[in-house]
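In this note's numbering, the protein residues as written are 1353 to 1546.
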Amino acid sequence: MPEWLQRSFFARDVNAVARDLIGAKLLFDGAGGRIAEVEAYHHTEPAAHSHNGPTARNAVMFGPPGHAYVYRSYGIHWCLNFVCEASGSASAVLIRALEPTDGIAAMSRRRGTKNERLLCSGPGRLCQALGITGVHNGLALDRRPFALSPPPVAVAIVIGPRIGITKAVDLPWRYGLAESRFLSKPFPPPRKSP
DNA sequence: TGCCCGATTAACT
DNA sequence: GTTAATCGGGCAA
């Protein structure tokens, strides 16, 4: 795996980056936790915002890897992505859940709840807890206010289909920390072939 | 220009 | 289980 905190980490296949992010620590202004759930998106599949080409909203996805793509979801929430691969590949990893470890008081205040399980379990909740909004769209991930550090130990990973989409629903591009209480939804149990 | 829908969440019944 | 909140993109006219 390429060195952490270097842009080369993100300049790889978006699914490889997504898998390697599970268990890593993400902090924003000192608040955050272990990444527990992510999804990969690529312009070649129709669920991606970049599928129909660049617009004002998704421009960052078409830029260089190692930057934050932040967009508004349902007109209400913000969602955080990490741009991957090469400039123009328009691929990104959606950060869907964290296990809170740092700055829990600040995150609880921004979220308006003390329930730790609901602080960062879901892409909208996570951005609200960390204080991430559209003004942070395009920021580099290798300097403040972002801080990423690698998983301290190898982690068990579960894989399944992505959530909340209607296109390309069968691609198993969702990655989670096995057994975590902080997943936004459980992963479906493995199935034997019929 | 107008209309529909979405990488969501919380507050309902 | 259902629904409202709310805005940018895509597409039809």
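Using N, Cα and C, we set each Cβ at its ideal position, and we do this for glycine too. The model shown is predicted, which means the values in this text are computed figures rather than measured ones.
Using a threshold of 8 Å, state whether the C-beta atoms of residue i and residue j are closer than that.
i, j, result
"Y1527", "R1371", "yes"
"D1494", "G1405", "no"
"F1534", "V1510", "no"
"A1499", "L1379", "yes"
"K1377", "T1453", "yes"
"V1312", "A1444", "The question about residue 1312 has no answer, for the chain in this structure spans 1353 to 1546."
"S1536", "I1517", "no"
"P1395", "S1441", "One detail in the question is off: residue 1395 reads as His in this sequence, not Pro. The answer is yes: Cβ separation under 8 Å."
"A1411", "M1459", "no"
"L1529", "V1505", "no"
"R1448", "G1474", "yes"
"H1401", "C1479", "no"
"G1455", "S1439", "no"
Shortest alpha-carbon distance to residue i belongs to which of the options?
i, options, result
"R1552", "T1485, S1441 and A1442", "Here the chain comprises residues numbered 1353 to 1546, so residue 1552 is not present and cannot be evaluated."
"L1450", "L1471, I1428 and G1427", "L1471"
"N1489", "L1432, G1464, P1524 and R1386", "L1432"
"P1502", "G1375, T1465, V1366 and P1542", "G1375"
"F1362", "S1536, A1392, A1408 and G1385", "A1392"
"R1424", "R1469, E1437, S1439 and R1477", "R1477"
"C1436", "R1359, P1542, P1541 and D1522", "R1359"
"V1390", "P1513, D1522 and P1541", "P1513"
"L1491", "F1434, E1397 and R1386", "F1434"
"V1521", "E1397, P1542 and R1386", "E1397"
"W1525", "P1541, A1399, G1385 and R1409", "A1399"
Quick check on residue i: does DSSP put it in helix, strand or coil?
i, result
"A1383", "strand"
"C1341", "Outside the displayed range of the chain (1353 to 1546) lies residue 1341, so it cannot be described from this structure."
"V1390", "strand"
"R1371", "helix"
"V1521", "coil"
"S1402", "helix"
"S1536", "coil"
"S1360", "helix"
"A1408", "coil"
Would residue i be called buried (16 or more neighbouring beta carbons within 10 Å of its own) or exposed?
i, result
"A1481", "buried"
"N1467", "exposed"
"G1427", "exposed"
"G1464", "exposed"
"V1369", "buried"
Check your understanding: Along the chain, which unbroken stretches of the beta strand (DSSP E) at least 3 residues long are found entirely within the stretch 1452-1513?
Key -> Runs of the beta strand (DSSP E) inside the stretch 1452-1513: 1498-1501 and 1509-1512.
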